[in-house]
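Student: Can you keep this structure in mind? I'll have questions shortly.
In this note's numbering, the protein residues as written are 460 to 729.
Right, here's the structure in full:
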């Protein structure tokens, strides 16, 4: 008995509706990946794709590129949902734990999903639920695990201290990955080649009316080949808030330096 061909999935950029008459089949088998050099009608391409799960129908767009020709998923039924995130970790288990923490964090904006029909008859569409309220509901409306009105003052203060300590631990654990991602994204958007292995990033302090804070707009990225780049990371979505929280917990007086190391991930304040 032959072993059945495993179901293989692939994600292509969703295409706009168009009038192209040229359809081909995109094989997603590892050894046969690519667009087949045979033209089909729309009906024939869809029939082959439904019969052979490793084939995806694609159509030629006016600009010349091939796009997934399957319809967008709609209506009730079984769906396949993919969620992915990039993390800097010490190993597979650490990476999985970081991803789990991100997914469970009610304040996380990592809420973008690729959704398609489970049977492979639709292309994948991107669903962005990037506000925590859309995923978890307003935080003020979520039930607390304990009835704080029943706690005496000492227990309430202990709960506050424990919650702040846990938030600090999570921020410290996530900060190296967030800083590394912000640096690499900044270089990519600026079209600047990465000069080598990124080893650490250093932040100095800056003064605001309510105290001293780490200055994300003047970060120094340090590379293994002794190259140093001055970067403005203030446009990164999550990083400024994480650095502000770390600043308040560190009780800065001015003149300190924060060094974020990546291998292994560590934070140093000097």
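Every residue, glycine too, gets a C-beta built ideally from N, C-alpha and C.
Values in this document were obtained by computation on a predicted structure and should not be read as measured data.
Please check the pair residue 656 and residue 683, which I expect to be a contact at CB under 8 Å, by giving their CB distance rounded to whole angstroms.
Tutor: Their Cβ separation, rounded to whole angstroms, is 4 Å, which keeps residue 656 and residue 683 in contact under 8 Å.
Student: Per the DSSP calculation, residue 724 is bridged to which residue(s)?
Tutor: Bridge partners of residue 724: 721.
Student: Where DSSP assigns a beta bridge to residue 576, which residues make up the other side?
Tutor: Its beta-bridge partners are 538.
Student: Tell me, please, which residues DSSP counts as bridged to residue 645.
Tutor: DSSP, once it has assigned bridges, lists no residue as partnering residue 645.
Student: I believe residue 641 touches residue 698 by the beta-carbon criterion, under 8 Å. Please report the beta-carbon distance rounded to the nearest angstrom.
Tutor: That pair is a contact at about 5 Å.
Student: Is the beta carbon of residue 576 sitting closer than 8 Å to the one on residue 636?
Tutor: Cβ distance not < 8 Å, so residue 576 and residue 636 don't count as in contact.
Student: I'd like to know whether the C-beta atoms of residue 693 and residue 676 end up nearer to each other than 8 Å.
Tutor: The answer is yes: Cβ separation under 8 Å.
Student: Could you check where the alpha helix (DSSP H) with residue 557 kicks off and where it finishes?
Tutor: From DSSP, the alpha helix (DSSP H) with residue 557 extends over 551 to 563.
Student: For the alpha helix (DSSP H) holding residue 587, just list the boundary residues, first then last.
Tutor: Run containing residue 587: none in the alpha helix (DSSP H); it sits in the beta strand (DSSP E), 584 to 587.
Student: With respect to the alpha helix (DSSP H) encompassing residue 709, which residues constitute its N-terminal and C-terminal limits?
Tutor: Run containing residue 709: 698 to 709, per the alpha helix (DSSP H) assignment.
Student: Quick one: any contact between the region 664 to 672 and the region 618 to 633, if contact means 3 or more CB pairs under 8 Å?
Tutor: Touching, no.
Student: Thinking C-alpha only, which one of 551, 564 and 729 is nearest residue 630?
Tutor: Checking every option, the nearest Cα to that of residue 630 belongs to 564.
Student: Rounded to whole angstroms, what's the CA-CA distance from residue 713 to residue 638? Just pull it up for me.
Tutor: About 21 Å.
Student: One question on the structure: do residue 674 and residue 659 come within less than 8 Å of each other, judged by their Cβ atoms?
Tutor: Contact flag unset, no.
Student: Report the rounded CA-to-CA distance for residue 534 versus residue 695, giving the unit in angstroms.
Tutor: C-alpha separation (whole angstroms): 36 Å.
Student: Which one or two residues does DSSP pair with residue 667 in a beta bridge?
Tutor: Residue 667 is bridged to 670.
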